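*Asks:*
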Amino acid sequence: QTQVYEPLCMPRANLLEECRRRMNERTTHPENLMNRIVFDSIEPSPYNQEAEEEYPPYYVPKSPSDYTLVFESRFESGNLRRAVQVYEFEYDLILKPDNNSRCTTQWYYFSVSNVQTGRMYRFNIINMIKPDSLYNYGMRPLMYSVNDAMLHNRGWVRCGSDICYFQNNIERKNSGFYYTLSFSINFNHNYDTVFFAYCYPYTYSDLCSYLNKITFDPLKKQRVLRETLCETVAGNPCEVLTITNFASDKESIKNRKGVVLTSRVHPGETNASWMMQGVIDYLTGPTLDAKILRDYFVFKIVPMLNPDGVINGWYRCGIPGMDLNRCWIGPCSKQNATIFHTKQLLKSFQEERDVAMFVDFHGHSMKKNIFMYGCCGRPQAKEKVFPKLVESCSEIFSFKGCDFGIQKAKEATGRVVVYRELGILNSFTLEASFCGADFGPHCNFHFTPEHLIEMGHNFCDALLEICDPEQVKVKQALEQLEIINTEDSEEAPIEMKSSKKIMRKGSSKLDKRKKQLIK
1 QTQVYEPLCM PRANLLEECR RRMNERTTHP ENLMNRIVFD SIEPSPYNQE AEEEYPPYYV
61 PKSPSDYTLV FESRFESGNL RRAVQVYEFE YDLILKPDNN SRCTTQWYYF SVSNVQTGRM
121 YRFNIINMIK PDSLYNYGMR PLMYSVNDAM LHNRGWVRCG SDICYFQNNI ERKNSGFYYT
181 LSFSINFNHN YDTVFFAYCY PYTYSDLCSY LNKITFDPLK KQRVLRETLC ETVAGNPCEV
241 LTITNFASDK ESIKNRKGVV LTSRVHPGET NASWMMQGVI DYLTGPTLDA KILRDYFVFK
301 IVPMLNPDGV INGWYRCGIP GMDLNRCWIG PCSKQNATIF HTKQLLKSFQ EERDVAMFVD
361 FHGHSMKKNI FMYGCCGRPQ AKEKVFPKLV ESCSEIFSFK GCDFGIQKAK EATGRVVVYR
421 ELGILNSFTL EASFCGADFG PHCNFHFTPE HLIEMGHNFC DALLEICDPE QVKVKQALEQ
481 LEIINTEDSE EAPIEMKSSK KIMRKGSSKL DKRKKQLIK
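With UniProt numbering applied, the sequence shown corresponds to residues 1 to 519, in that order.
#1: Comparing alpha-carbon positions, which option in Trp156, Ser182, Leu181 lies nearest Phe195?
#2: Taking His362 as part of the beta strand (DSSP E), name the residues at either end of that continuous run.
#3: By alpha-carbon positions, which one of Pro64, Ser348, Gly436 ends up nearest to Phe371?
#4: Buried or exposed, going by whether 16 or more other CB atoms sit within 10 Å of the CB of Glu269?
#5: Output the boundary residues of the beta strand (DSSP E) element that contains Asn127.
#6: From the DSSP secondary-structure annotation, give me the bridge partner or partners of Val260.
#7: Compute the Euclidean distance between the alpha carbons of Glu227 and Gln116, then round it to the nearest angstrom.
#8: State buried or exposed for Ala83, treating a residue as buried only when at least 16 other CB atoms are found within 10 Å of its CB.
#9: Please check the pair Leu305 and Ile280, which I expect to be a contact at CB under 8 Å, by giving their CB distance rounded to whole angstroms.
#10: Give the DSSP-derived three-state secondary structure of Ser489 in the structure shown.
#11: Can you grab the Cα-Cα spacing for the pair residue 520 / Met276, in whole Å?
#12: To test your reading of the DSSP string, which unbroken alpha helix (DSSP H) runs of 4 or more residues are found completely within the stretch 146-234?
#13: Rounded to the nearest angstrom, what separates residue 553 and Ile301 at their Cα positions?
#14: Skipping 5 residues on each side, what residues in its chain have a beta carbon closer than 6 Å to that of Asp403?
#15: Can Ser111 and Glu72 be called in contact, C-beta distance under 9 Å?
#16: Where does Met10 fall in DSSP's three states?
#17: Give the range of the alpha helix (DSSP H) segment to which Tyr282 is assigned.
#18: From the DSSP output, read off the bridge partner residues of Arg36.
#19: What is the DSSP secondary structure of His446, reduced to helix, strand or coil?
#20: Here's the rule: buried if 16 or more other CB atoms are within 10 angstroms of the residue's CB, otherwise exposed. What is Ser498?
#21: Taking only the alpha-carbon atoms, compute the straight-line gap between residue 535 and Ile126 and give it to the nearest angstrom.
#22: In three-state terms, what does DSSP make of Leu69?
#23: Can you find the residues in the same chain that come closer than 6 Å, C-beta to C-beta, to Asn124, ignoring five residues on each side of it along the sequence?
#24: By how many angstroms is the C-alpha of Ile185 removed from the C-alpha of Ser161?
#25: Quick check: Tyr202 and Trp107, are their CB atoms within less than 9 Å of each other?
#26: For Tyr5, which residues in the same chain have their Cβ closer than 6 Å to its Cβ, ignoring the five residues on either side in sequence?
#27: Which runs of the beta strand (DSSP E) fall wholly inside the stretch 84-114 and span at least 3 residues, in chain order?
#28: Would you tell me roughly how many angstroms separate the C-alpha atoms of Leu219 and Cys19, rounded to the nearest one?
#29: In this structure, does DSSP put Pro237 in helix, strand or coil?
#30: Use the C-beta contact count for Gln1: other C-beta atoms within 10 angstroms, 16 or more gives buried, fewer gives exposed.
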């Protein structure tokens, strides 16, 4: 089990200066450095050449008094390339970059064993790319202790002290410098195996197991159709779900609006999968609200657009080394297969029904809260209504954090291409911070899988308001947008009422209806 409330940890004063001083000491006193490679995920090990296992440990302690950490990342979504012991209890870590790319390192996932209590270890991930990080604003790394899991049923927890993210003195090949994420850690159990990750892992195998549970459930399998959309470059199935009330007559199904949801085009954004799981849980669930949505919409869901990247532990790209979310204008049927076939799915879906919405789920590494990016240049536009509905249903969604502009660098993304080329006005990305919230009841706390799953439920609650025959919250959203942009109120899609009522949670008739089990 994960911890539900994990507070942020703001860096203490002068920490950055201390980190830079330690780095400078390496230059002035190189004789003190061990500089011993103790792990490499590609090169053969000089320490363990006679091992018979398929993936033997790179380093094996030589005696009970050898406290060298044993690193590993040769597992699904793992991506540590090399570990270098610089001092007895300090290690420099180098991440494996995305395939055919050296400018996309941020996700990390690896394990250490042979740990000792009563020691302060320090890890420095030295080939980060981005010039700033939420680690400088309270975010902490994630840790999973095998012993704590067995003894206390404890899952992933935030960890680390003296966390600092800063530019180092290692030059990049083309220009600029790399950045370092540095943190200290104490361990609770001798000889424990401990995993570290950038965000709560959600692997391709996790998705397959989750979908298997749904399709083997005698009730849920009646509400969902699971198919293979296409195969990836590496031959992995990219799956698509269709969710609706299949028991209805053909004419009713034909008249339903369509909603298309996608996730994990960027493999390192695992928080997107947790939100998507919340959506799928809700839509396949037994509540009356879920049935209303299944009666009103036909959902097409692609829960993992980049299985190859997820499996290999990449942060942003697929096997060809391209960002798949920059390939939507003219996707290649082979190199960008999942994007090509998702776009074809959207086009064919439009031919059979009105597609009301497209939402691509993402994680965000520079901002706090959960928010949406949309597509409209007008101050007052109906494209902003749905994000206002989401805000009314969620304590962690920030409408203030939403942005509806289209930057030139985003013109080939799914959100923009679906809006411009396919004409779907409600085309969004739903972005969840890797960190946490800076407002409301969850202010200064990290997001956990429970929060992200709940966000998926909130997303569905917002969709439910569209189904309300009286459109209570929809009208309130329009009124609130009119207040925000009074100078552009004439552009509103429906006539505005004179009352300036602010939208509040629980104001529609749908909110008064109790959720019931469908027998």
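Cβ coordinates follow ideal geometry from the N, Cα and C atoms, glycine included. These figures come from a predicted structure and were not determined experimentally.
*Replies:* Walking through what the data contain:
#1: Start at 1 with the first residue of the sequence shown, and residue 195 comes out as number 195. The shortest Cα separation from Phe195 among Trp156, Ser182, Leu181 belongs to Trp156.
#2: Walking along the sequence shown from the start, residue 362 turns up at place 362. Where His362 is concerned, the enclosing beta strand (DSSP E) stretches over 355-364.
#3: Here residue 371 is taken as the residue at index 371 of the sequence shown, counted from 1. Here the closest residue by C-alpha is Gly436.
#4: On the sequence shown, residue 269 is found 269 positions in, with the first residue counted as 1. By the 10 Å Cβ count, Glu269 comes out buried.
#5: Walking along the sequence shown from the start, residue 127 turns up at place 127. 121-128 is the extent of the beta strand (DSSP E) around Asn127.
#6: Taking the first residue of the sequence shown as position 1, residue 260 is located at position 260. Val260 pairs with Lys300, Phe358.
#7: Locating residue 227 in the sequence shown gives position 227, where the first residue counts as 1. Locating residue 116 in the sequence shown gives position 116, where the first residue counts as 1. Spanning the two alpha carbons is a distance of roughly 48 Å.
#8: Taking the first residue of the sequence shown as position 1, residue 83 is located at position 83. Classification of Ala83: buried, given that the 10 Å Cβ count is 16 or more.
#9: Here residue 305 corresponds to residue number 305 of the sequence shown, with the count starting at 1. Here residue 280 corresponds to residue number 280 of the sequence shown, with the count starting at 1. So it is not a contact: roughly 15 Å between Cβ atoms.
#10: Stepping through the sequence shown from its first residue, residue 489 is reached at position 489. For Ser489, the pLDDT reaches just 48, beneath the cut-off of 50, and the residue's location in the model is therefore unreliable, leaving the point undetermined.
#11: Outside the shown range of the chain (1 to 519) lies residue 520, about which nothing can therefore be said.
#12: 146-152, 204-216
#13: In the structure displayed, the chain extends from 1 to 519; residue 553 sits before or after that span and is not available.
#14: As a position in the sequence shown, residue 403 is number 403, starting the count at 1. Within the same chain, Asp403 has close Cβ partners Tyr373.
#15: Here the question's residue 111 lines up with position 111 in the sequence shown. Here the question's residue 72 lines up with position 72 in the sequence shown. Cβ atoms of Ser111 and Glu72: closer than 9 Å.
#16: Counting from one through the sequence shown, the residue named residue 10 turns up at place 10. Coil at Met10, not helix or strand.
#17: Taking the sequence shown and counting its residues from 1, the one referred to as residue 282 is at position 282. 270-283 is the extent of the alpha helix (DSSP H) around Tyr282.
#18: Within the sequence shown, numbered from 1, the residue matching residue 36 stands at position 36. Arg36 pairs with Gln85.
#19: Residue numbering aside, residue 446 sits at position 446 when the sequence shown is read from its first letter. Correct three-state label for His446: strand.
#20: Within the sequence shown, residue 498 is the residue found at index 498, counting from 1. Below a pLDDT of 50, predicted positions are generally treated as unreliable, and Ser498, at 31, falls in that range; no measurement from the model is reported.
#21: Any question about residue 535 goes unanswered here, given that the chain covers just 1 to 519.
#22: As a first step, residue 69 is located in the sequence shown; it is residue number 69 there, counting from the start. Leu69: coil per DSSP, three-state reduction.
#23: Start at 1 with the first residue of the sequence shown, and residue 124 comes out as number 124. Asp92, Thr180, Ser182.
#24: Your numbering for residue 161 matches position 161 in the sequence shown. Your numbering for residue 185 matches position 185 in the sequence shown. So the two alpha carbons sit approximately 6 Å from each other.
#25: Along the sequence shown, one-based indexing puts residue 202 at 202. Along the sequence shown, one-based indexing puts residue 107 at 107. The answer is no: Cβ separation not under 9 Å.
#26: Along the sequence shown, read from residue 1 onward, the residue named residue 5 stands at position 5. Once the five neighbours on either side are set aside, the close Cβ partners of Tyr5 are Phe445.
#27: 90-95, 109-113
#28: Within the sequence shown, the letter at position 219 stands for residue 219. Within the sequence shown, the letter at position 19 stands for residue 19. If you take the alpha carbons of Leu219 and Cys19, they lie about 56 Å apart.
#29: Reading the sequence shown from its first residue, position 237 is the one you call residue 237. Correct three-state label for Pro237: strand.
#30: Position 1 of the sequence shown holds residue 1. Answer is exposed; the Cβ neighbour count stays below 16.
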